[in-house]
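K.L.:
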Amino acid sequence: MKFLDGCKADATADLVYRACPMHLLEPMDLIKDLEPGQVLEILTDYDGALEDIPAWCAKHGQEFMGISEDACGDCYKLYIKKICEEKS
Amino acid sequence: MKRAYMDHAAATPVRPEVLAAMQPFFAERFGNPSAVYDLGSEIKAVMEEQRGKVARLIGARDNEIIFTSSGAEANNLAIKGMALATFLKRGKHLIVSGIEHHSVLNSARFLEKFFDFEVTFLPVDRYGRVDPERLKKALTPATVMVSIGHGSNEIGTLQDIPELVAVCRAAGIPFHTDAVATVGQVPVDVTELGVDLLTISGPALGAPKGIGALYFRNKLRLVPQLNGGIQESGRRGGTENIPGIVGLGTAAELAGQELDEKAVYLAKLRDRLVAGVQENIPKVFFTGHPEKRLPGHASFCFEGIEGEALIFLLSSQGIYANTGSACASKALKTSPVLGAIGIKPEVAQGSMVFTLSRDNREDEVRHVLEHLPPAVERLRSFSPVWRKKMAEAAGA
């Protein structure tokens, strides 16, 4: 998994403390509003997201860019670059 | 027998329009809003429409409303959810006022007992108002949040929430207010109040028991108190109570349309009741703030009697009121709220609270004023404490 530093995002989904599978459902919604090439940041404290998000990107043709740590250390930050439009 | 029900803070009948709106969602339109097929997605759309109606009543965004089972649950989620989400960053100190509802006080005590939080229970003045300077002095670098109710169901006093919020905002501390007593009674706008979290109860608006809501400002994090799945965007587990949510949405919409007219009407009825009590009953204390109070709320302490005995005498005349909050009243305990505003225990025992609604009429107020003075007089005639007091007064 690639570790990123100072990655800029166009939108953020804050899913900290929110129940599984919100870490998949909300990003799926938010990415629809982005343009190809834009970046979505996902904040989550759910360990399973580290597997689920890259797998979701691979399945949906989006680019999983990598991960960084939150300065407060209470969540992961995962980054997705939108490559193609999601089917609604 | 003529009936005058004036205990609307304890229970309010479901409005006919609300009941009619809810009806299809018990059997015909029963789908689960989380289901992906059309029976579910249609219900999800209905639920989101109701969320919008609740949001509009308080000037919030739709996605800032979480449906709960009650005001008590919303208070639990606000306090425990917020405190547990932030204590690692800030610390373990929490501030509530001493006259909060049990669901606020006991949520704070829960954090104290099981998570080693330190809780400051702020004192109030003789009207039940929190002094902003006192709040400011109570804040510490470890304070995670402050919870002070907007209005008291027991003494009717309204807090100056924007003034208290300003103190907290300057220190970057989130502010929660329990607005169960005020939403639908007085204008409540989350932006004007400046609060970060706000509690709503369905029954207080004419929706059924079993539904409430929590407003939380976008960007806040809450630790769920009911763990489940994706319901309420992963913040509150459990399949949503759709009939209740439709009831709350409908009641919220009606409340918004009727608010100004209702407040004027209730204040007029209340003022007649208060004036009548003042004219006809000696040795009575009016509790709460004389002006900054809920429009349909009149609260008194009658010296020399027990409020519970008065409840029974009045109910025999079809008059229904309360001695304070419904739960405290049943425990036959002297109200801690009255203690906090400095009412002596022997006087606090004679507490009586009338909470009016738009269903009450002037003839009902007259009915109360016809039966309340003789009931007080009768109870005082049995009371050795009252007779002794009168004898002493006559001797002096």
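In order, the protein sequences belong to chains A and B.
The first sequence begins at 43 in the working numbering and counts up one residue at a time.
The second sequence begins at 4 in the working numbering and counts up one residue at a time.
In this text, a Cβ means the ideal position worked out from N, Cα and C, and glycines have one as well.
Computed from a predicted model, the values in this text were never measured in an experiment.
Considering only the alpha carbon of each residue, which of 104(B), 50(B), 63(B), 215(B) lies closest to residue 24(B)?
P.N.:
Scanning 104(B), 50(B), 63(B), 215(B) for the CA closest to the CA of residue 24(B) turns up 50(B).
K.L.:
I'd like to know whether the C-beta atoms of residue 194(B) and residue 56(B) end up nearer to each other than 9 Å.
P.N.:
Residue 56(B) is positioned such that its CB atom lies no closer than 9 Å to that of residue 194(B).
K.L.:
Is the beta carbon of residue 357(B) closer than 9 Å to that of residue 371(B)?
P.N.:
Yes, they are a contact pair.
K.L.:
Using a Cβ-Cβ distance under 9 Å, would residue 230(B) count as near chain A?
P.N.:
yes
K.L.:
Would you list the residues sitting across from residue 296(B) in a DSSP beta bridge?
P.N.:
160(B)
K.L.:
Taking all protein chains shown into account, decide if residue 118(A) is buried (16 or more other Cβ within 10 angstroms of its Cβ) or exposed.
P.N.:
buried
K.L.:
So, is residue 301(B) buried or exposed, given that buried needs 16 or more other C-beta atoms within 10 angstroms?
P.N.:
buried
K.L.:
Could you check if residue 43(A) is buried or exposed, using at least 16 other CB atoms within 10 Å of its CB as the buried criterion?
P.N.:
exposed
K.L.:
Does the separation of the CB atoms of residue 124(A) and residue 78(A) fall below 9 Å?
P.N.:
yes
K.L.:
Hey, residue 386(B) and residue 310(B): beta-carbon distance below 9 Å or not?
P.N.:
no
K.L.:
At a CB-CB cut-off below 7 Å, which residues of chain B make contact with residue 59(A)?
P.N.:
88, 224, 225, 226, 227
K.L.:
Only counting the same chain, and skipping five residues up and downstream in sequence, which positions put a Cβ closer than 8 Å to that of residue 312(B)?
P.N.:
382
K.L.:
Expressed to the nearest angstrom, what Euclidean distance is found between the alpha-carbon atoms of residue 120(A) and residue 109(A)?
P.N.:
Rounded to whole angstroms, the separation of the alpha carbons of residue 109(A) and residue 120(A) is 4 Å.
K.L.:
If you drop the 5 nearest sequence neighbours on each side, which residues of the same chain put their C-beta closer than 6 Å to that of residue 105(A)?
P.N.:
123, 125
K.L.:
Inspect the beta-carbon positions of residue 146(B) and residue 176(B) and report whether they are closer than 9 Å.
P.N.:
Here residue 146(B) is near residue 176(B), since their CB atoms are less than 9 Å apart.
K.L.:
Would you identify the three-state DSSP class for residue 245(B), choosing helix, strand or coil?
P.N.:
helix
K.L.:
Are the CB atoms of residue 55(A) and residue 240(B) nearer to each other than 9 Å?
P.N.:
no
K.L.:
Quick one, which residues of the stretch 110-123 of chain A are near chain B if we go by CB-CB under 7 Å, in chain order?
P.N.:
Within the stretch 110-123 of chain A, the qualifying residues are 114, 116.
K.L.:
Could you give the DSSP three-state label for residue 215(B): helix, strand or coil?
P.N.:
strand
K.L.:
Closer than 7 Å, Cβ to Cβ, to anything on chain A: give me those residues from the stretch 64-94 of chain B, in chain order.
P.N.:
88, 91, 92
K.L.:
Looking only at C-alpha atoms, which of 209(B), 274(B), 375(B) sits nearest to residue 314(B)?
P.N.:
375(B)
K.L.:
Determine the extent of the beta strand (DSSP E) in which residue 108(A) is found, giving its start and end residues.
P.N.:
105-111
K.L.:
Does any residue of chain B have a CB that is nearer than 9 Å to the CB of residue 128(A)?
P.N.:
no
K.L.:
Can you look up residue 66(B) in the DSSP assignment and give me helix, strand or coil?
P.N.:
helix
K.L.:
Less than 9 Å between CB atoms is the rule here; does residue 238(B) satisfy it with respect to chain A?
P.N.:
yes
K.L.:
Please confirm whether residue 107(B) and residue 69(B) have their CB atoms less than 9 Å apart.
P.N.:
no
K.L.:
Could you say if the stretch 204-215 of chain B and the stretch 183-194 of chain B meet the contact criterion of at least three C-beta pairs nearer than 8 Å?
P.N.:
yes
K.L.:
Using alpha carbons as the reference points, say which of 73(A), 66(A), 82(A), 86(A) lies closest to residue 115(A).
P.N.:
Put simply, of 73(A), 66(A), 82(A), 86(A) the residue whose alpha carbon is nearest the alpha carbon of residue 115(A) is 86(A).
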